[in-house]
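Asker: Position one of the sequence shown corresponds to residue 77 (our numbering), numbered consecutively onward.
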Amino acid sequence: MAPNWKVRRPLTEHEEFEVVKMVLDKFLWLGTALLGIGLFTSIEQLSAEAGLYYIIAGTVIMGLFGWIIVKEFEFSRVK
77 MAPNWKVRRP LTEHEEFEVV KMVLDKFLWL GTALLGIGLF TSIEQLSAEA GLYYIIAGTV
137 IMGLFGWIIV KEFEFSRVK
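1) With three or more C-beta pairs closer than 8 Å as the rule, is the region 118-128 touching the region 94-106?
2) Among E150, L87, L128 and I137, whose alpha-carbon lies nearest the alpha-carbon of L106?
3) Please classify G127: does DSSP put it in a helix, a strand, or coil?
4) How many Å lie between R85 and L115 at the Cα?
5) Excluding five sequence neighbours on each side, which residues of the same chain lie with their C-beta closer than 7 Å to the C-beta of W140?
6) Can L110 and A133 be called in contact, C-beta distance under 9 Å?
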């Protein structure tokens, strides 16, 4: 008998935390990588303008990361 995939059980608090942690970890790695690539490009070409777009993109992703962390913290406090 095949399992019924339409029946979903709610996630426990620990499972929900693990899923959110994995997603936010990807944002952190992506932001850090973009900042590093921008810094490397700027140093390699001896021009701040060369890696500026990477640095701005990394900063935006890090800002988004911080905003999501604050929202998730506020959401967990309300529960």
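Ideal Cβ placement from N, Cα and C applies to all residues, glycine included.
Answerer: The structure says:
1) Contact fails: fewer than three Cβ-Cβ distances are below 8 Å.
2) For the purposes of this step, residue 106 is taken as the residue at position 30 of the sequence shown. Distance check between L106 and each of E150, L87, L128 and I137 places I137 closest, using alpha-carbon atoms only.
3) By one-based count along the sequence shown, residue 127 stands at place 51. Correct three-state label for G127: coil.
4) In the sequence shown, the residue the question calls residue 85 occupies position 9. In the sequence shown, the residue the question calls residue 115 occupies position 39. Approximately 45 Å between the Cα atoms of the pair.
5) Residue mapping note: residue 140 aligns to position 64 of the sequence shown, counting from 1. The residue you asked about is not Trp; residue 140 is Leu in the sequence shown. Once the five neighbours on either side are set aside, the close Cβ partners of L140 are F103.
6) Against the sequence shown, residue 110 aligns to sequence position 34. Against the sequence shown, residue 133 aligns to sequence position 57. Yes, Cβ-Cβ distance for L110 and A133 is below 9 Å.
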